[in-house]
RNA sequence: GCUCGCGUAGCUCAGGGGUAGAGCGCAUCCUUGGUAAGGAUGAGGUCGCGGGUUCAAAUCCCGCCGCGAGCUCCA
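In the working numbering, the protein residues as written are 14 to 660.
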């Protein structure tokens, strides 16, 4: 063994010997000049590091090369782009305070404390300056400094000093310099600013320092960066394409719903077509739940205020509840923000035996939440929500099975619709925002984790994200432009049964406390429908499409026969329209396509004579197919009955 | 709720201190057309609401309401 050399293991299992003190860049060069040129960072023993980092003996090292497909490569590029942005802002606004500037999923941002917010024109100028920063091709130089040095370095930067104060004693403090700009930063970075060639600043908006609304608001600039012009252009094009799927735009174009000032913000009016989609979803989820042992109940929209005091909603959830109202005797009532207190009351209305458990109550119910105005967003965040709500009352031993039933329901729904989603496990919120003791939370969180792990399901931990009464498993999915929204939720609750002193008689002839599971499969019909509109880009599968078939007579002479076909299809239970307008066939076909009707049936002399229809199935490979009417009917009925995604 | 931006016809948008514009949609008429926009004519707006400046405000200023992006919060 030569002590002056180190041994490095490469991803393919081979090893390389290098002089002690060699860096990742040296390793790349030793492997080949092409790799050396393409290298932007390295993964050393699993951790992403700078190319300039010295390699420890025995390390497993993978060189990260320029690539718009490799998340590591994009991470360092965008992180470096954030620094270049800060460099540019500092140049234009000397003395601008700098907050955090991390890479994010689709790009990067940097937060600044500046005297005046950035205007769109500012952004253009900053972008030009940033191009100069990149053009200077300065190296990113990492340096580890002492706490005193760092304090000196950032003496004029209170935000950085605050962050510095939080770095634990003993942990390395690193700074990165590029040209005139020095930042307190963990890294890693690209070797030089010249790497940042294809970037775009996207928007500016306020953002609270440290994400705390009690602190000052900084000005955040968002941008994105790629290694190639093509990838950047593709990203911009994809975003523009995504905006066309926006459910608010499609909702208007397809006449699904409206949200109008006359009614109020966050309050949705479902037009006949949107209401039809909702109705189909609702019938489906009701049937599914019934098949899984749920019983349906109805509870009032308004309840005595005392109920919500006992449930803990008033102390913990009041800011999202509409104000109290009084009857003529001074009795106080509240509009319900959740259904749990009502369902609990139903459970408690009868004595329960262990033989009755689990009791599964379900209600597709409207609840009202006074959401902050700035959070409202089309169908995805509203003030009147329709939850497909359910509450399971069971013994502790039954928890895991019951959660499994919920996960099964979720899976059925998601796979039927082809939605992508992921699980979050949300744990206890901060002390003043929760009820119940730590032991109870330990048990509840453990039960959810066990259920997920028993099912082999992957999940992300959302610490502190639980409800005030218990931890939860949430399903998250993305809208057209990549924002995440919460859909299904499965929440475990040991607290409300305690507050309402719920009981069941055990085998031991003694009263016991049941456990409660709160769960919603769609989440809310509003949000779920909104996500579906974007998921399908308005082109609902036949079983969900508000209008399934449109019949187009070629001329007036065919209108009567087309009307008969319409009647026949309607009698078969299909949602069908006759389009006998005096516009040309081409015009009516275009209109049917734009309205995303799954099937357009063209009817002329030939079809009438043969008893066929010329079917234009949406998205079909063959533009048109002439089939006997009966055959068409059985085909579409099959699609509808199986909830097929095909047309 | 906070920061910034925006609010002109049903929709998408132009205009910008001095008589309100386009395309699409809608209505009427002509056209009866075989697969993504046939033609003509016409109706439709106190320029989000309220104040102010001005001889004059859709236009400039202030406030409010709503919308958008982001933050915070959440199904």
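We treat Cβ as the ideally placed atom computed from N, Cα and C, and that holds for glycine.
Fair warning: this is a prediction, and the values are worked out from it, not measured in the lab.
Own chain, CB closer than 8 Å to residue i, minus 5 neighbours either side, in chain order
i, result
"residue 75", "23, 24, 55, 56"
"residue 9", "Beyond the ends of the chain as shown, which are 14 and 660, falls residue 9; an answer cannot be given."
Extent of the continuous beta strand (DSSP E) run through residue i
i, result
"residue 475", "472-475"
"residue 346", "345-348"
"residue 643", "From DSSP, residue 643 is part of no beta strand (DSSP E) but of the alpha helix (DSSP H) over 642-654."
"residue 86", "It is not in any beta strand (DSSP E) - residue 86 instead sits in the alpha helix (DSSP H) that spans 84-105."
"residue 532", "528-537"
"residue 397", "397-407"
"residue 606", "That residue, residue 606, is in no beta strand (DSSP E); its alpha helix (DSSP H) goes 598-607."
For residue i, the nearest candidate out of the options (CA to CA)
i, options, result
"residue 205", "154, 195, 160", "154"
"residue 651", "332, 222, 617, 587", "587"
"residue 531", "519, 571, 509", "509"
"residue 99", "124, 90, 88", "124"
"residue 42", "27, 397, 453, 64", "64"
"residue 644", "51, 435, 614", "614"
"residue 410", "385, 479, 526", "526"
"residue 147", "210, 168, 104, 193", "210"
"residue 294", "542, 618, 642", "542"
"residue 259", "545, 320, 92", "545"
"residue 175", "184, 183, 163, 185", "163"
"residue 121", "216, 170, 191", "216"
"residue 455", "435, 501, 181, 506", "506"
"residue 32", "68, 418, 59", "68"
Euclidean distance between Cα positions of residue i and residue j
i, j, result
"residue 407", "residue 551", "40 Å"
"residue 472", "residue 549", "25 Å"
"residue 659", "residue 634", "12 Å"
"residue 137", "residue 214", "8 Å"
"residue 274", "residue 300", "36 Å"
"residue 179", "residue 365", "53 Å"
"residue 61", "residue 141", "30 Å"
"residue 313", "residue 257", "39 Å"
"residue 503", "residue 439", "10 Å"
"residue 609", "residue 271", "19 Å"
"residue 413", "residue 393", "30 Å"
"residue 362", "residue 493", "45 Å"
"residue 605", "residue 390", "29 Å"
"residue 254", "residue 290", "24 Å"
"residue 376", "residue 402", "5 Å"
"residue 445", "residue 241", "49 Å"
"residue 158", "residue 66", "16 Å"
"residue 534", "residue 556", "19 Å"
"residue 354", "residue 306", "21 Å"
Residues near residue i by beta carbon distance below 6 Å, same chain, minus five either side
i, result
"residue 638", "628"
"residue 110", "126, 172"
"residue 429", "656"
"residue 244", "81"
"residue 442", "477, 479"
heavy atom of the ligand MN below 6 Å from residue i C-beta
i, result
"residue 497", "Among the components modelled here there is no ligand, and therefore nothing to report on the ligand MN."
Coil, strand or helix - residue i by DSSP
i, result
"residue 321", "helix"
"residue 278", "coil"
"residue 499", "strand"
"residue 638", "strand"
"residue 456", "helix"
"residue 308", "strand"
"residue 146", "helix"
"residue 38", "helix"
"residue 46", "helix"
"residue 116", "strand"
"residue 580", "helix"
"residue 541", "helix"
"residue 411", "helix"
"residue 418", "helix"
N-terminal and C-terminal residue of the alpha helix (DSSP H) that residue i is part of
i, result
"residue 634", "Run containing residue 634: none; DSSP gives neither H nor E here."
"residue 508", "508-512"
"residue 360", "353-361"
"residue 613", "Counting along the chain, residue 613 falls outside any alpha helix (DSSP H), though it belongs to the beta strand (DSSP E) covering 612-616."
"residue 326", "326-330"
"residue 211", "Per DSSP, residue 211 belongs to no alpha helix (DSSP H); it is in the beta strand (DSSP E), 211-221."
"residue 172", "171-179"
Same chain only: Cβ atoms within 7 Å of residue i, ignoring 5 sequence neighbours per side
i, result
"residue 640", "625, 626, 628"
"residue 101", "139, 142, 143, 146"
"residue 338", "346"
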